[in-house]
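Participant:
Numbering (full-length UniProt numbering), first residue to last: 1 to 178.
1) Name the DSSP bridge partner or partners of residue 130?
2) Count the other CB atoms, across all protein chains shown, that sit within 10 Å of the CB of residue 151; report buried if there are 16 or more and exposed otherwise.
3) Would you identify the three-state DSSP class for residue 140, choosing helix, strand or coil?
4) Go to residue 162, then tell me how far its alpha helix (DSSP H) extends in each direction, as first and last residue.
5) For residue 120, count neighbouring C-beta atoms within 10 Å of its own C-beta (all shown protein chains included) and say buried if the count is 16 or more, exposed if not.
6) Quick one: grab the DSSP three-state call for residue 69.
7) Would you kindly work out how many angstroms separate the C-alpha atoms of residue 54 and residue 61, rounded to a whole number?
8) State the DSSP-derived secondary structure class of residue 20, mapped to helix, strand or coil.
9) Rounded to the nearest angstrom, what separates residue 109 and residue 126 at their Cα positions?
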């Protein structure tokens, strides 16, 4: 079943070109539609309320409602007022001066004495004055506190605290009577 495709293709070149229709009717219809739309558009714009008119209406209603509001907190605050006695300055005179206290930094508290001693050695290597204090809790439990100090001034205490912080050692400020 062989076919000759050459003969079939020969009829392709003989087709007639399509007729062109005129664009005049489409142009006329478009112009008429545009004219009608242009004549109706101003009438539609006048009937639609503007956004500024809506905003003005809302503003007026809010102002009317706000004038009716009453705030009671002015009177409530007067009823709950707490009068502080003026003897606060007298209490500060009763406190002893700061010279009777010394400041220490607690760099750890351990149940095992060897752990406390190793922390003390580490602090001595950091050039900090460290000591271990034995604390008896009364129920037979004993703790070993590692203390840094005492400090003569705030700057030396701040230096020691910074040194401890740089070495990831938490510290606790202690204030003790001399």
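Quick reminder that beta carbons are idealized off the backbone N, C-alpha and C, glycines included.
Facilitator: Well, looking at it:
1) Residue 130 is bridged by DSSP to 148.
2) The residue is buried, with at least 16 neighbouring Cβ atoms inside 10 Å.
3) It is coil, neither helix nor strand.
4) Per DSSP, residue 162 belongs to the alpha helix (DSSP H) from 154-166.
5) Taking all protein chains shown into account, residue 120 has 16 or more neighbouring C-beta atoms within 10 Å of its C-beta and is therefore buried.
6) The answer is coil: DSSP assigns residue 69 none of H, G, I, E or B.
7) C-alpha separation (whole angstroms): 11 Å.
8) Reduced to three states, the DSSP call for residue 20 is coil.
9) Cα-Cα distance, rounded: 18 Å.
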